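For reference, the structure is listed below as structure tokens.
Residue numbers (the numbering used here), protein chains in the order written: chain A, -12 to 424; chain B, 2 to 410.
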């Protein structure tokens, strides 16, 4: 593989979509240097800071609030939700530390919590900050923070899980979807795990969980062969000492960053070894990007709608925050039409992947979204295409969108549309070549 | 309710093995299905499978209202004697199931109680895999209808789904059922149809996912034609038969069943239709939402059945309704229930001998808080394969051939 294609492949996976200039720089620096920059310390260009939302307007209402006050609070809540959506999208586009942003997005899909039940931008942002704070470090600290995360606890009914009548929802998903994967625990483990997680309540207004000892089950629990008076942290320790745990996490990371195809046992072994000896995700990421199987994984991931839209805006140089309000709304509307709205995953299993995103329905929504993005591309972007002779515009477009090569099929379509570069741009964005990575 | 729905990602989110189905879906425009109009053999019957995703609470669906243990186990969640729609002196239906209650009186509804399988799995994904594959020990990569499809020549149009993705039950070893889009689509005006058709052509040596992305454009173009035709077809049908007008506010289930009805009335070749309703994954304060979902199910299926009873082909239809598991007998502290085991399966249609089948749930003999299953779900599959699809159950169900006597005419 040529050096340019190699670094482009890395950057397509480690960022939301590299610009041509980023690929130029990576090609100049070489693969090694690019990888260490990608994995390295935070880029100072963070993008817009996390909004300071300190309360959910509805939760902050006094008990005796009037109907009008309630309506106003509901509207304020809707505005907050809209605002955090727009903010995150903008941050994804603007952030210098692209891998960090992508990892935050990954964890959002992993601990898939939806605002539809949590009903508070405040609590969703607190969870979001936990992803930022712990998401790349020691997994044990991370999981212990998550079992105390108010949004996750509400989402999986943890505040209703008491000594008298345990609610298993959180304990089950903690094992099945968050740490071990199915087949690595029994039903008795779920029941005992639920007892270990008893005692937590959520103070919505304060954005905190509280431990209520009268609701906690202090008795002995046998979980995964270990017996003790486990509480939430003790339960997490038992989970994370299982060999299944690093294997599960490595697989999930691979599935989203490398390939929809399952990895070989040899690759898995290399990833798990790196993950277990290092601290946190960086060593795992390093092992994944340098694995021989990664190099041959081009085209094995379908871009998720968020990845597609954010990547397009980076490459077209569109900052969502500079768009007019109705255009910002339209972008969010298209993402919703593509079934991927931030803070609103479809279920605790997270967003789908692969061919599920490729339907005639999503193609149609993408056509409309591409039309809008091409219309909003700044003059300099359009000029870059216009400056190329008509026969060379498909190549200029490939460079802009970091597509390695067009198939003859797509090239013929693009050549025929090359006169109108906004149309050309839109066709490039919906092309099969640009839909996968 | 949709936020709690765990449907779709059976295949999609890769948390189960179902990511690697033996054969992927073929997308078919409705036109292609309608192209087989009149092709169904005169005696052939039709199966409509309704999957309820999320784990339907069987005990609050078919209610043992006379059992004190039921009221004791879930005081806030239980339905009072006066609320249930009685089937006999001990068993009643959820108040939302008014249409089912009428169908039971007309002997068109069979209810099989205590349906499950050995070593119940309480993961939505795994348990749904088990029901789709009919392989409780080790769910593989093919579905029970997909395997039937393999034996009858593999034409995808014989088994179709109106869901957005292929349900694993329709995936066979060599063939797979068709996924028929039911979304209304309109092409953006700025892209000429020939341009999109050109993007939809396969390119040599293209990676599979990229090829799939291309084929979406070919589909899109045919969907555009299909929408016009389906509309014309629906108008034609309603003029011919003078059907009542829709009441609006259709649920996705209604919409899916409407398309099924159109196909069956046109006597298309399809023998199995798969539709679904999601949202049953509730764990707290679930009485009202659960009742609302059962209402959607009841109205959808009842209206469908009533429509079916008007045509000869329609009278040969049997609807089967199931979910991946029931719920724990005892309510949790949150006025909800956690994942359980055995539940009920409904079979509806003229071809059914109405009544109660299987054993009533025994709430005093539980297996660590859960109902023991008394009927293996494969008995129901075997009955459907045998009576409805004229197939040898053992061939499709790994040697399983036990059926439920006399349940299907």
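Where is the CB? At the ideal position from N, CA and C, for every residue including glycine. Predicted, not measured: the structure shown is a model, and the values here were computed from it.
Query raised in the report: Where do the ends of the alpha helix (DSSP H) carrying residue 224 of chain A lie?
Result: First-last of the alpha helix (DSSP H) with residue 224 of chain A: 219 to 227.
**Report entry** Among A/168, A/60, A/73, A/127, the one whose alpha carbon lies nearest that of residue 125 of chain B
**Finding:** It is A/168.
Query raised in the report: If you drop the 5 nearest sequence neighbours on each side, which residues of the same chain put their C-beta closer than 8 Å to that of residue 144 of chain A?
Result: Contacts found: 154, 156, 157.
Query raised in the report: Listed in chain order, which residues of the segment 278 to 295 of chain A have Cβ atoms closer than 9 Å to some Cβ of chain B?
Result: Of all residues in the segment 278 to 295 of chain A, those with a C-beta nearer than 9 Å to a C-beta of chain B are 285, 286, 287, 288, 289, reading in chain order.
Report task. Output the distance between the C-alpha atoms of residue 322 of chain B and residue 204 of chain A, rounded to the nearest integer angstrom. Result -> The alpha-carbon of residue 322 of chain B is positioned some 39 Å away from that of residue 204 of chain A.
Query raised in the report: Would a C-beta distance cut-off of 8 Å place residue 40 of chain A and residue 139 of chain A closer than the cut-off?
Result: Contact: no.
Query raised in the report: What's the gap between the Cα of residue 212 of chain B and the Cα of residue 418 of chain A?
Result: Each residue's alpha carbon lies about 11 Å from the other.
Report task. Specify the secondary structure class of residue 338 of chain A as computed by DSSP and reduced to three states. Result -> Secondary structure at residue 338 of chain A: coil, using DSSP grouped into helix, strand and coil.
Report task. Could you name the residues of the same chain whose beta carbon sits closer than 8 Å to that of residue 354 of chain B, not counting the 5 residues immediately before and after it, in chain order? Result -> For residue 354 of chain B, where only same-chain residues beyond five positions count, the Cβ hits under 8 Å are 108, 111, 407, 408, 409, 410.
Query raised in the report: If you draw a straight line from the alpha carbon of residue 378 of chain A to that of residue 289 of chain A, how long is it in whole angstroms?
Result: Looking at the two C-alpha atoms, the distance is approximately 29 Å.
Query raised in the report: Does the count of Cβ pairs from the segment 328 to 343 of chain B and the segment 359 to 375 of chain B closer than 8 Å reach three?
Result: Result yes; three or more Cβ-Cβ pairs closer than 8 Å.
Query raised in the report: So, is the C-beta of residue 30 of chain A closer than 8 Å to a C-beta in chain B?
Result: Taking a beta-carbon distance threshold of 8 Å, residue 30 of chain A does not count as an interface residue toward chain B.
**Report entry** Cα-Cα separation between residue 324 of chain B and residue 330 of chain A, rounded to whole angstroms
**Finding:** Separation of residue 324 of chain B and residue 330 of chain A (C-alpha to C-alpha, rounded to the nearest whole angstrom) is 28 Å.
Query raised in the report: Going along the chain, which residues of its own chain have a beta-carbon closer than 7 Å to the beta-carbon of residue 172 of chain A, five neighbours each way excluded?
Result: So the qualifying residues of the chain are 162, 211.
Requested in this report: Check whether the segment 63 to 81 of chain B touches the segment 375 to 389 of chain B, counting contact only when three or more Cβ pairs, one atom from each stretch, lie closer than 8 Å.
Outcome: No, the segment 63 to 81 of chain B is not in contact with the segment 375 to 389 of chain B.
Requested in this report: Measure the alpha-carbon distance for residue 384 of chain B versus residue 360 of chain B and round it to whole angstroms.
Outcome: When rounded, the distance between both Cα atoms is 17 Å.
Requested in this report: Determine the chain B residues that contact residue 459 of chain A at a beta-carbon separation under 9 Å, and present them in chain order.
Outcome: Outside the shown range of chain A, which is -12 to 424, sits residue 459 of chain A, and nothing can be said about it.
Query raised in the report: So, is the C-beta of residue 363 of chain A closer than 8 Å to a C-beta in chain B?
Result: It does not; no Cβ of chain B falls within 8 Å.
**Report entry** Buried or exposed (CB count within 10 angstroms, at least 16 for buried), residue 65 of chain A
**Finding:** Counting Cβ neighbours within 10 Å, residue 65 of chain A comes out exposed, since fewer than 16 surround it.
Report task. Let me know the secondary structure DSSP gives residue 329 of chain A once reduced to three states. Result -> Here residue 329 of chain A sits in coil by DSSP.
Report task. Report the residue ranges of all beta strand (DSSP E) runs contained in full by the segment 318 to 358 of chain B; include only those spanning at least 3 residues, in chain order. Result -> With a minimum length of 3 residues, the continuous beta strand (DSSP E) runs that stay inside the segment 318 to 358 of chain B are 318 to 324, 344 to 349, 356 to 358.
**Report entry** 8 Å Cβ cut-off: residues of chain B touching residue 400 of chain A
**Finding:** When 8 Å is used as the limit between beta carbons, residue 400 of chain A is near these residues of chain B: 196, 199, 200, in chain order.
Query raised in the report: Mind checking residue 246 of chain B: buried by the 16 CB within 10 Å criterion, or exposed?
Result: Confidence is the limiting factor: at residue 246 of chain B the pLDDT is only 26, short of 50, which leaves the residue's position unreliable, though a coordinate-based value still follows. So residue 246 of chain B ends up on the exposed side.
Query - Close beta carbons around residue 131 of chain A, own chain, < 7 Å, minus the five adjacent residues each side - result: In its chain, beyond the 5 residues on either side, 220, 223 have a beta carbon closer than 7 Å to the beta carbon of residue 131 of chain A.
Query raised in the report: Quick one: Cα of residue 304 of chain B to Cα of residue 324 of chain A, how far?
Result: Put simply, the backbone Cα of residue 304 of chain B is about 30 Å away from that of residue 324 of chain A.
Report task. Within the same chain, show all residues whose beta-carbon is closer than 8 Å to that of residue 238 of chain A, passing over the 5 residues directly before and after it, in chain order. Result -> Result list for residue 238 of chain A: 168, 249, 250, 255, in chain order.
Report task. Can you tell me which of B/357, B/171, B/264, B/392 puts its alpha carbon nearest to the alpha carbon of residue 65 of chain B? Result -> For the residues B/357, B/171, B/264, B/392, the minimum Cα distance to residue 65 of chain B belongs to B/357.
Query raised in the report: Exposed or buried, which one is residue 0 of chain A when buried takes at least 16 other CB atoms within 10 Å?
Result: Per the 10 Å Cβ criterion, buried.
Requested in this report: Out of B/89, B/122, B/91, B/163, point me to the one whose CA is closest to residue 442 of chain B's CA.
Outcome: Past the boundaries of the shown model lies residue 442 of chain B; chain B is included only from 2 to 410, so the question cannot be answered.
Query raised in the report: Would a check of beta-carbon distances place residue 354 of chain B closer than 8 Å to chain A?
Result: Not an interface residue.
Requested in this report: Assign residue 267 of chain B to one of three DSSP states: helix, strand, or coil.
Outcome: Residue 267 of chain B falls in the coil class under three-state DSSP.
Query raised in the report: What residue from B/168, B/314, B/105 has the CA that sits closest to residue 343 of chain A's CA?
Result: A check of alpha carbon separations from residue 343 of chain A across B/168, B/314, B/105 identifies B/168 as the nearest.
Query raised in the report: Closer than 8 Å, CB to CB, is residue 291 of chain B near chain A or not?
Result: No, its Cβ sits nowhere closer than 8 Å to a Cβ of chain A.
Query raised in the report: From residue 170 of chain B to residue 143 of chain B, what distance separates their C-alpha atoms?
Result: In this structure, the alpha-carbon of residue 170 of chain B lies about 7 Å from that of residue 143 of chain B.
Report task. With DSSP as the reference, label residue 73 of chain B as helix, strand or coil. Result -> Here residue 73 of chain B sits in helix by DSSP.
**Report entry** Contact set between residue 214 of chain B and chain A, taken where Cβ atoms lie within less than 7 Å
**Finding:** Chain order gives the chain A residues near residue 214 of chain B as 345, 419, 422, 423, where near means a beta carbon separation below 7 Å.
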